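Presented below is the structure to which this report refers.
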Amino acid sequence: MCKNLSDLQKMYSQGEKIACLTAYDASQAHWAAQSGVDVILVGDSLGMVVQGHKTTLPVTIEQMVYHTQMVQRTNHSAYCIADLPFMSDATVELALSSAAQLMKEGGANMVKLEGGARALPAVRALSDIGIPVCGHLGLLPQSVEKYGYKVNGKDAKSAQKLMQDAADLQNAGADMLVLECVPATLAQEITLQLKIPVIGIGSGVHTSGQVLVWHDILGVTLGRAPKFSKNYLQQSASIQEAIESYVSEVKSQAFPAQEHLIAP
Numbered sequence: 015m016c017k018n019l020s021d022l023q024k025m026y027s028q029g030e031k032i033a034c035l036t037a038y039d040a041s042q043a044h045w046a047a048q049s050g051v052d053v054i055l056v057g058d059s060l061g062m063v064v065q066g067h068k069t070t071l072p073v074t075i076e077q078m079v080y081h082t083q084m085v086q087r088t089n090h091s092a093y094c095i096a097d098l099p100f101m102s103d104a105t106v107e108l109a110l111s112s113a114a115q116l117m118k119e120g121g122a123n124m125v126k127l128e129g130g131a132r133a134l135p136a137v138r139a140l141s142d143i144g145i146p147v148c149g150h151l152g153l154l155p156q157s158v159e160k161y162g163y164k165v166n167g168k169d170a171k172s173a174q175k176l177m178q179d180a181a182d183l184q185n186a187g188a189d190m191l192v193l194e195c196v197p198a199t200l201a202q203e204i205t206l207q208l209k210i211p212v213i214g215i216g217s218g219v220h221t222s223g224q225v226l227v228w229h230d231i232l233g234v235t236l237g238r239a240p241k242f243s244k245n246y247l248q249q250s251a252s253i254q255e256a257i258e259s260y261v262s263e264v265k266s267q268a269f270p271a272q273e274h275l276i277a278p
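Throughout, the numbering used here is defined as the position within the sequence shown, counted from one, plus 14.
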């Protein structure tokens, strides 16, 4: 039986780290779930690691539905979050329509959207009708044309804004938050401030859990893998063993280690 939101909230309240991994098709979802992953993220990162684009921007809602369908056909244990792709949540009406597609057609359990203040109306509307929502702060892949790929929150002003955005998202009804490429000390502060699980990627060990991209943990990334990732296949005899090692290291807080930190 697949995990539900109550299961994740219980893990969070008991201090158990949440292991999250992306998956984009049936075979990846099978091995992720089989290996003990708690949450599968069908990320719009598929635009880069599957489709070969330079950014996530070309990904459409129809493609996200398609990949979520494939994942959910073989996922029999993990909770499934699907990304709202670029401009599919530009208005509240679009966000509601896109989320409905991801859940009704794709079978997602939760939707994820990027941004702070600009995302609040959509988060409120989605939450009000009972759709679980995950926020996403820090490095925002859908905004790279304006802000680039860089650590967010290194100075006092931007750190304070991130803390405020995180609190506002929670108050608007977000059930979970992803922090990407945020200084570890700030990520820890935000995690302690909130009453919802905070999943980190490139944000240190003191979040409620971790998420990485499937291709990165297996060493099949096109080009150079991010500094904050780790190739688990190097120390494993199979894909299942590699994913199991990732899950184990997230649970024990062995990952991320000092060498995976991208900012102080």
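C-beta atoms are modelled at their ideal positions from N, C-alpha and C, and glycine is treated no differently. Please read these numbers as outputs of a predicted model, since none were measured by experiment.
(request) Output yes or no for whether 8 Å exceeds the beta carbon distance between Val-137 and Ala-96. (result) Numbered from its first residue, the sequence shown carries residue 137 at position 123. Numbered from its first residue, the sequence shown carries residue 96 at position 82. In this structure, Ala-96 does not lie closer than 8 Å to Val-137 by Cβ.
(message) Given this structure, state the Cα-to-Cα distance separating Pro-278 from Phe-242, to the nearest angstrom.
(response) Within the sequence shown, the letter at position 264 stands for residue 278. Within the sequence shown, the letter at position 228 stands for residue 242. Confidence at Pro-278 is low in this model, with a pLDDT of 49, below 50, so the placement of that residue is unreliable and no value is reported for it.
(request) Report the rounded CA-to-CA distance for Ala-40 versus Met-84, giving the unit in angstroms. (result) Taking the sequence shown and counting its residues from 1, one reaches residue 40 at position 26. Taking the sequence shown and counting its residues from 1, one reaches residue 84 at position 70. In a straight line, the C-alpha of Ala-40 is about 5 Å away from that of Met-84.
(request) Report the option in Ala-46, Gly-218, Ile-253 and Ser-250 whose CA atom is closest to the CA atom of His-284. (result) In this structure the chain extends from 15 to 278, so residue 284 is not present and cannot be described.
(message) Please state the DSSP three-state secondary structure of Thr-36.
(response) For this step, residue 36 is matched to residue 22 along the sequence shown. Here Thr-36 sits in strand by DSSP.
(request) Can you have a look at Gln-28 and say buried or exposed, based on whether 16 or more other CB atoms are within 10 angstroms of its CB? (result) Looking up residue 28 in the sequence shown gives position 14. Counting other Cβ atoms within 10 Å of its Cβ, Gln-28 stays below 16 and is therefore classed as exposed.
(request) For the segment 160–175 and the segment 106–113, state whether three or more C-beta atom pairs, one from each stretch, are separated by less than 8 Å. (result) In this structure the segment 160–175 does not lie against the segment 106–113, because fewer than three pairs of beta carbons, one per stretch, are closer than 8 Å.
(request) Alpha carbon to alpha carbon, how far is Phe-100 from Asp-169? Give it in angstroms, no decimals. (result) Counted from its first residue, the sequence shown places residue 169 at position 155. Counted from its first residue, the sequence shown places residue 100 at position 86. Asp-169 and Phe-100: Cα-Cα distance of roughly 27 Å.
(message) Looking at Gly-223: is its Cβ nearer than 8 Å to the Cβ of Pro-240?
(response) Translated into the one-based positions of the sequence shown, residue 223 becomes position 209. Translated into the one-based positions of the sequence shown, residue 240 becomes position 226. Contact: no.
(request) With a cut-off of 8 Å on the beta carbons, I'd call Ala-131 and Asp-182 a contact; round off their distance for me. (result) In the sequence shown, residue 131 corresponds to position 117, counting from 1. In the sequence shown, residue 182 corresponds to position 168, counting from 1. At roughly 7 Å, the Cβ-Cβ gap stays under 8 Å, so Ala-131 and Asp-182 are in contact.
(request) Would you tell me roughly how many angstroms separate the C-alpha atoms of Val-196 and Val-165, rounded to the nearest one? (result) Working through the sequence shown from its first residue, we reach residue 196 at position 182. Working through the sequence shown from its first residue, we reach residue 165 at position 151. In a straight line, the C-alpha of Val-196 is about 6 Å away from that of Val-165.
(request) Reducing DSSP to helix, strand and coil, say where Leu-191 ends up. (result) Along the sequence shown, read from residue 1 onward, the residue named residue 191 stands at position 177. In this structure, Leu-191 counts as strand in the three-state DSSP scheme.
(message) Here's the rule: buried if 16 or more other CB atoms are within 10 angstroms of the residue's CB, otherwise exposed. What is Val-234?
(response) The count along the sequence shown starts at 1 and reaches residue 234 at position 220. The residue is exposed, with fewer than 16 neighbouring Cβ atoms inside 10 Å.
(request) Report the partner residues of Tyr-93 according to the DSSP bridge assignment. (result) As a first step, residue 93 is located in the sequence shown; it is residue number 79 there, counting from the start. Beta-bridge pairing links Tyr-93 to Val-53.
(message) Once DSSP output is grouped into helix, strand and coil, what is the label at Asp-224?
(response) Counted from its first residue, the sequence shown places residue 224 at position 210. In the sequence as displayed, the identity of residue 224 is Gln instead of Asp. Strand at Gln-224.
(request) Please confirm if the segment 23–37 is in contact with the segment 66–74, defined as three or more CB-CB distances below 8 Å between the two stretches. (result) Too few Cβ pairs lie closer than 8 Å, so no.
(request) Whole angstroms is fine: what's the gap from Pro-270's alpha carbon to Gly-237's? (result) Reading the sequence shown from its first residue, position 256 is the one you call residue 270. Reading the sequence shown from its first residue, position 223 is the one you call residue 237. If I take the Cα positions, the gap works out to 21 Å.
(request) Could you tell me which residues DSSP pairs with Cys-148 in its beta bridges? (result) Against the sequence shown, residue 148 aligns to sequence position 134. Its beta-bridge partners are Lys-126 and Met-190.
(message) Once DSSP output is grouped into helix, strand and coil, what is the label at Val-234?
(response) Translated into positions along the sequence shown, residue 234 becomes position 220. Coil.
(request) Consult DSSP for Ile-213 and reduce its assignment to one of helix, strand or coil. (result) Indexing the sequence shown from 1 puts residue 213 at position 199. In the structure shown, Ile-213 sits in a strand (DSSP, three-state: E or B).
(request) Can you tell me which of the three DSSP states Lys-24 falls into? (result) Working through the sequence shown from its first residue, we reach residue 24 at position 10. DSSP places Lys-24 in helix when its eight states are reduced to three.
(request) Out of Val-225, Ser-250 and Val-219, point me to the one whose CA is closest to Leu-232's CA. (result) Start at 1 with the first residue of the sequence shown, and residue 232 comes out as number 218. The residue with the shortest Cα to Cα distance from Leu-232 is Ser-250.
(request) Write down the C-beta distance between Val-192 and Lys-126 rounded to the nearest angstrom, noting that I regard them as a contact closer than 8 Å. (result) On the sequence shown, position 178 is the one that residue 192 refers to. On the sequence shown, position 112 is the one that residue 126 refers to. Val-192 to Lys-126, Cβ: 7 Å. Contact.
(message) Please report the straight-line C-alpha distance between Ala-256 and Asn-245, rounded to a whole angstrom.
(response) Start at 1 with the first residue of the sequence shown, and residue 256 comes out as number 242. Start at 1 with the first residue of the sequence shown, and residue 245 comes out as number 231. Each residue's CA atom was taken as its position, placing Ala-256 and Asn-245 some 8 Å apart.
(request) Can you tell me which of Thr-205, Leu-60 and Ala-198 puts its alpha carbon nearest to the alpha carbon of Ala-180? (result) The residue labelled residue 180 in the question sits at position 166 within the sequence shown. Per the Cα distances, Thr-205.
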